[in-house]
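To keep things clear, I will list the structure first and then write my remarks on it.
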Amino acid sequence: MARKSRLVSLAASALALVCAVAYAGSAPASPFKVDKELFKFYPSLIVYEKSKAGFTEPETCAGCHEDKYKEWNGSLHSMAFVDPVYQGELNKAVKAVGHDISRQCEGCHSPAGVVTGEIKGPGLSGLSAVAKAGVSCDICHSISALNHDKTPTKEPENGSFVIKPGEDGKDGNAVLIKHGPLKPSDECGGGFHECRQTEFHQKADLCASCHQVYHYDKHFPIEATYNEWKHSPYAQKDIHCQDCHMVGSDAFVKVADTMTKPERKDYRHYFNGANYLLYYLGSQAAQKAGDKDQAARLMAQYDMAVKRLQKAAELEIEPVYRKGALAEIRVRVKNMRAGHNLPTSLTNIRQMWLEVVAKDEKGEVVLATGAVGPDGSLSDDARLFNSDGMGPDAHFAVDPWIITAFSKHETIPPKGYRDVHYGITAPKGSAKLTIEAKLRYRQADQKIAEALLKAVPKDIDLARDYGLTAIPVLPVVDMVSLKREVSAVK
Ligand code: HEC
Ligand code: HEC
Ligand code: HEC
Ligand code: HEC
Ligand code: HEC
């Protein structure tokens, strides 16, 4: 009897062991603990404090804050949900992983649409103005607290803020409360809303939870703009995201060069970044919809984005000699004015690279690398400053639901630089060479952009809405270029 029960228990523990192994093989335990009581919209980490006070559409705020509305309306925050490139990728994500992942995406691209449960899938039809308005006034100004220290990684990620548009008043009616940076005046809110002052609206902490994009399950930081900034000289000098992205071009250059904050009167709701392609597409759409003012605002943001890119970096060219003869060209790329790595955010998608051409006195090409072909393809030898994503199988991957690590990460730290060396020999008889180096930028590889735009949900019609009948070769911006003559011998 005793013997039998021992056998049984042995068998049971063997079975338990097999089960444990099998379980570990199919679904390894996550290294991170997730508090699903707190994070009800997981994989988005938004916390919603619900009351009778609902979300207000930006057009209502515009009634009393017209300037801010106009500035914001030309920004990518206003396009964050309707963006066709986003909708294309969202569509692919939902097909690959299922509907649950869309909460993660929408938690940053349309937070109101997630917490109200309004958005049921990719596409725009049937959605309210508030949901379609993306990152609108009533997102940022309803953020009442931050949960950055309570996330699975204990760092800001995937929308780790508390959103509270207002509360139930004593009479049972909704009271709207808007959070902002200033000490409220007595008239604050004009009878429409109450005002609360926060510490974080003038700090990077406000932007952090959306500008740190983590893998929805493995919590790998795919986009890490906030962390890059946090470890930079800018953070040490109290220069925050707002000081470069909520001001015009001249003010931003001054901030980066002098490491001093803008003046109070300089702040604008531009949120201007680098994505000139999307400003251009947005402007085409506004034109098609007959809104000339909006089209002009978006083109002004386009110009600002190009200018921003052209102020971000500087180049140096140095010859390297061995045994008296020219052996290498060293090109140094310096991140002068980006408050984070250059490029940042979608570093595995954005492309920034060097095109270098060396010619002898007769104009014969001695070295050429980094050219873009007529079909938009970038030559294989181009030196890119980006990252390559990889999935759990260590294979190259592009989609954010697959990427759990980077196999390569070559972006340039703030105020830092990277050197690229090109081996070169001057042809016999030539005394000097002319070297031309260009730092170039575009939003994505041609093929990736084509794949995303082809994946847009059915209710977005690129021809009807954007006037795009074919996907053109992506425009490239020359951020900076430099020419230098170098001697063939030393
Ligand atoms: C991405 C977040 C974000 C969005 C979206 C946003 N704001 Fe702001 N807003 C801020 C930040 C940050 C500040 C503080 C900047 C500063 O120091 O002036 C601010 C400041 C303000 C202020 C007070 C400062 C002043 O100069 O009066 C008002 C009013 C305001 N925003 C209204 C709006 C309105 C209206 C909209 C929509 C049209 C909007 N905001 C959209 C982040 C945002
Ligand atoms: C933590 C917030 C956050 C989450 C979660 C998030 N995004 Fe984003 N997304 C951003 C930010 C910020 C940018 C802008 C980065 C830039 O322009 O460099 C962006 C940009 C993009 C772009 C590029 C848009 C363009 O026009 O170039 C695509 C596509 C995109 N996201 C898709 C997704 C999808 C699909 C998901 C879900 C699987 C997702 N995002 C989840 C914050 C987020
Ligand atoms: C009926 C007019 C009215 C409407 C509508 C309105 N506001 Fe205001 N708001 C005001 C006034 C007045 C102030 C105080 C301005 C001042 O002191 O310069 C103010 C101040 C603010 C501030 C500054 C708070 C601070 O102290 O930093 C924010 C943020 C703000 N509003 C956001 C919003 C948002 C978001 C909306 C839409 C949901 C909105 N407002 C709608 C009248 C309005
Ligand atoms: C010292 C000025 C400065 C500060 C501070 C700064 N930025 Fe930037 N930012 C830039 C410049 C310049 C660019 C254009 C070059 C580039 O793409 O990196 C840029 C680009 C961006 C882009 C677009 C990236 C792309 O290539 O699509 C995003 C998103 C962004 N910044 C967000 C932030 C956030 C969030 C913070 C704060 C955590 C911040 N920035 C702080 C100057 C700054
Ligand atoms: C609720 C989430 C959220 C918050 C908060 C937020 N952003 Fe963004 N931001 C986004 C998303 C999503 C995009 C990308 C939209 C797209 O490309 O489709 C974006 C785009 C941008 C861009 C344009 C990037 C480009 O490539 O041109 C800049 C600049 C930017 N944000 C700066 C800021 C700053 C500064 C703050 C804080 C004051 C901030 N954001 C707060 C979600 C957010």
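Those letters in the sequence shown? Residues 330 to 819, per the working numbering, in order.
Cβ atoms here follow ideal geometry from the backbone N, Cα and C, with glycine treated the same way.
Check	Outcome
Minimum length 4: unbroken alpha helix (DSSP H) runs contained in the region 505–566	533–537, 554–559 and 562–565
Near ligand 4: residue 584 beta-carbon under 7 Å from a heavy atom	yes
Distance between residue 728 and residue 422 (C-alpha atoms, nearest Å)	8 Å
Residue 571 at chain B interface by Cβ criterion, 8 Å	Considering every chain present, this structure includes no chain B. It has just one protein chain.
Complete runs of the alpha helix (DSSP H) confined to the region 381–431 [at least 4 residues]	387–391, 395–402, 405–408 and 413–426
Beta-ladder partner(s) of residue 726, from DSSP	718
Integer Cβ distance of residue 475 from residue 489, believed to fall under 8 Å	7 Å
CA nearest to the CA of residue 570, picked from 586, 600, 417 and 592	600
Ligand 3 heavy atom lying under 7 Å from the CB of residue 467	yes
Proximity winner among 547, 416 and 659, relative to residue 753 (alpha-carbon distances)	659
Proximity to residue 471 [Cα-Cα], best of 809, 535, 653 and 644	535
Chain-order list of residues whose beta-carbon lies under 6 Å from that of residue 707 (same chain, five-residue window excluded)	701
Beta strand (DSSP E) segment containing residue 680, residue limits	680–688
Straight-line Cα distance separating residue 740 from residue 383	41 Å
Whole-number beta carbon distance between residue 440 and residue 375, since they are thought to touch under 8 Å	6 Å
Local conformation of residue 366 per DSSP, three classes	coil
Residue 410: CB within 7 Å of a non-hydrogen atom of ligand 3	no
Proximity of residue 781 and residue 418 at Cβ, strictly below 8 Å	yes
CB of residue 832 within 8 Å of CB of residue 812, strictly	No answer is possible for residue 832: the residues shown for the chain start at 330 and end at 819.
Short Cβ contact (8 Å threshold) for residue 486 with residue 438	no
Cβ contact (3+ pairs, closer than 8 Å) linking the region 781–796 and the region 598–614	yes
Classification of residue 416 by the beta-carbon crowding that lies within 10 angstroms, buried from 16 upward	buried
Outcome for residue 513 when other beta-carbon atoms lying within 10 angstroms are tallied against a minimum of 16	exposed
Ordered list of beta strand (DSSP E) runs contained in the region 451–492, each at least 3 residues	472–475 and 490–492
Residue 441: CB within 7 Å of a non-hydrogen atom of ligand 2	no
Cβ pair residue 634, residue 585 closer than 8 Å	no
Terminal residues of the alpha helix (DSSP H) in which residue 788 lies	Looking at the DSSP string, residue 788 is not in any alpha helix (DSSP H), and its letter there is neither H nor E.
Proximal residues to residue 526 (C-beta, below 8 Å), its chain only, five neighbours per side dropped	508, 509, 510, 511, 512 and 513
Spatially closest choice to residue 427 from 671, 580, 449 and 593, by CA coordinates	449
Cα-Cα separation between residue 760 and residue 690, rounded to whole angstroms	8 Å
Segment contact flag, the region 549–565 with the region 659–677, C-beta cutoff 8 Å, min 3 pairs	yes
Collapsed DSSP secondary structure at residue 353 in the structure displayed	With a pLDDT of only 43 at residue 353, under the threshold of 50, the placement of this residue in the model should not be trusted, and no figure is reported.
Same chain, Cβ closer than 6 Å to residue 540, five either side skipped, listed in chain order	554 and 555
Which residues DSSP lists as bridging residue 771, in chain order	680
Residues sharing a beta bridge with residue 502, DSSP	Answer is none; residue 502 lacks a bridge partner.
Three-state secondary structure assigned by DSSP to residue 612	helix
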